[in-house]
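Visitor: Below are the structure tokens for one structure; questions will follow.
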Amino acid sequence: MGLMTAVIAVLVVAALIVVQLYNRLVRLRATSASAWSDIDVHLKKRYDLVPNLVETVKGYAAHEQGLFVKVTEARTRAMSASGPAEAARAENMLRDSLKSLFAVAEAYPELKANQNFIQLQGHLKEIEDAIEAARRYYNAVVRDLNTVIEQFPSNLVAARFKFAKRDFFELESPAEERRPAPVKF
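All residue numbers for the sequence shown refer to my numbering, where the first residue is 72 and numbers rise by one.
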């Protein structure tokens with residue numbers, strides 16, 4: 072009778088561990104999906120802002136048609152991207168085209184002083200900051216999920232119930248973009 076009780080106790084403990092690991096994986100998967108949804112909301116806000124920026128700049132620099140097409144194409148690609156890895160590539164292209172748009176704006180003092188343009192720039196900065204914060208949170212959750220999926224014994228539970236690792240959402244770092252050029256004498 073004692074051996075049977077010990078076997079049952081071991082099985083109950085093992086079952087409780089599996090349930091705990093499974094629930095942790097489910098919680099992390101749901102949290103990562105929610106975090107991606109937050110990023111998606113911010114990206115859509117930026118997508119909605121881009122046409123207004125283009126139209127404002129177009130009013131002052133109508134001869135920059137090639138740049139406007141480039142920005143519009145980058146926006147379209149970013150809007151149709153699926154998954155974090157593809158979205159990151161498309162977002163980097165959109166960010167580069169927006170940098171070009173703002174570089175053109177620098178050549179037009181009247182545009183830089185335009186209240187609508189200043190407001191749009193401010194909104195874009197706020198959205199970019201929100202995207203960056205949401206991206207950091209999403210990547211932290213994905214890191215935790217991927218770690219649990221790879222660790223023993225949770226990797227056994229993850230494999231059994233087909234939990235898959237998620238991609239990080241990696242954009243070019245704004246800090247890297249602002250790094251000053253090296254000075255050589």
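Ideal Cβ placement from N, Cα and C applies to all residues, glycine included.
So is His113 buried or exposed if we call it buried at 16+ other beta carbons inside 10 Å?
Guide: Translated into positions along the sequence shown, residue 113 becomes position 42. His113 comes out buried.
Visitor: When the Cα of Gly193 is compared with those of Asn123, Asn94 and Ala85, which residue comes out closest?
Guide: Translated into the one-based positions of the sequence shown, residue 193 becomes position 122. Among Asn123, Asn94 and Ala85, the Cα nearest to that of Gly193 is on Asn123.
Visitor: Could you check the C-alpha separation between Glu243 and Asn226 for me, to the nearest Å?
Guide: Position 172 of the sequence shown, counted from the first residue, corresponds to residue 243. Position 155 of the sequence shown, counted from the first residue, corresponds to residue 226. Roughly 31 Å between the two C-alpha positions.
Visitor: Beta carbon of Glu203: closer than 6 Å to some heavy atom of the ligand ATP?
Guide: Within the structure as shown, the ligand ATP is missing, as the structure has no ligands at all.
Visitor: Please state the DSSP three-state secondary structure of Arg148.
Guide: Within the sequence shown, the letter at position 77 stands for residue 148. In the structure shown, Arg148 sits in a helix (DSSP, three-state: H, G or I).
Visitor: Find the nearest neighbour of Val175 within the set Val212, Gln186, His134 and Arg146, judged by alpha-carbon distance.
Guide: Mapped onto the sequence shown, residue 175 falls at position 104. The shortest C-alpha separation from Val175 is found at His134.
Visitor: Do Val142 and Val125 have their beta-carbon atoms positioned less than 7 Å apart in this structure?
Guide: Position 54 of the sequence shown, counted from the start, is the residue given in the question as residue 125. Position 71 of the sequence shown, counted from the start, is the residue given in the question as residue 142. The answer is yes: Cβ separation under 7 Å.
Visitor: What residue does the alpha helix (DSSP H) around Glu157 start on, and which one ends it?
Guide: Here residue 157 refers to the residue found at position 86 when the sequence shown is read from its first residue. Looking at the DSSP string, the run of the alpha helix (DSSP H) that includes Glu157 is Gly154 to Glu177.
Visitor: Three or more C-beta pairs under 8 Å: does that hold for the region 231 to 242 against the region 179 to 198?
Guide: Cβ pair count under 8 Å is below three, so no.
Visitor: How far does the alpha helix (DSSP H) with Asn217 in it extend, from its first residue to its last?
Guide: Here residue 217 refers to the residue found at position 146 when the sequence shown is read from its first residue. Taken as a continuous stretch (DSSP letters only), the alpha helix (DSSP H) holding Asn217 covers Gln186 to Glu221.
Visitor: Considering only residues of the same chain and omitting the five flanking positions on each side of Val121, which have a CB-CB separation below 7 Å?
Guide: Within the sequence shown, residue 121 is the residue found at index 50, counting from 1. Same-chain partners within the cutoff: Val142 and Arg146.
Visitor: Would Val212 pass as a contact of Ser108 if the rule is Cβ separation under 7 Å?
Guide: As a first step, residue 212 must be located in the sequence shown, where it is residue number 141. As a first step, residue 108 must be located in the sequence shown, where it is residue number 37. In this structure, Ser108 does not lie closer than 7 Å to Val212 by Cβ.
Visitor: DSSP three-state label for Arg95, please.
Guide: Within the sequence shown, numbered from 1, the residue matching residue 95 stands at position 24. DSSP places Arg95 in helix when its eight states are reduced to three.
Visitor: Tell me the rounded alpha-carbon separation between Val254 and Asn187.
Guide: Taking the sequence shown and counting its residues from 1, the one referred to as residue 254 is at position 183. Taking the sequence shown and counting its residues from 1, the one referred to as residue 187 is at position 116. Note that Val254 scores 48 on pLDDT, short of 50, meaning its location in the model is unreliable; the coordinates nonetheless yield the value given after this. Cα to Cα, Val254 sits roughly 37 Å from Asn187.
Visitor: Roughly how many angstroms lie between the CA atoms of Leu169 and Leu191, to the nearest whole one?
Guide: Taking the sequence shown and counting its residues from 1, the one referred to as residue 169 is at position 98. Taking the sequence shown and counting its residues from 1, the one referred to as residue 191 is at position 120. About 12 Å.
Visitor: Can the beta-carbon of Val89 be found less than 7 Å from the beta-carbon of Val228?
Guide: Residue 89 sits at position 18 when you count from the first residue of the sequence shown. Residue 228 sits at position 157 when you count from the first residue of the sequence shown. Yes, these two residues count as a Cβ contact at 7 Å.
Visitor: Can you tell me the Cβ-Cβ gap for Ala106 and Tyr179, rounded? I've got them flagged as a contact below 8 Å.
Guide: In the sequence shown, counting from the first residue as 1, residue 106 sits at position 35. In the sequence shown, counting from the first residue as 1, residue 179 sits at position 108. Not a contact, Cβ separation roughly 39 Å.
Visitor: From Met72 to Ala156, what distance separates their C-alpha atoms?
Guide: Here the question's residue 72 lines up with position 1 in the sequence shown. Here the question's residue 156 lines up with position 85 in the sequence shown. If I take the Cα positions, the gap works out to 57 Å.
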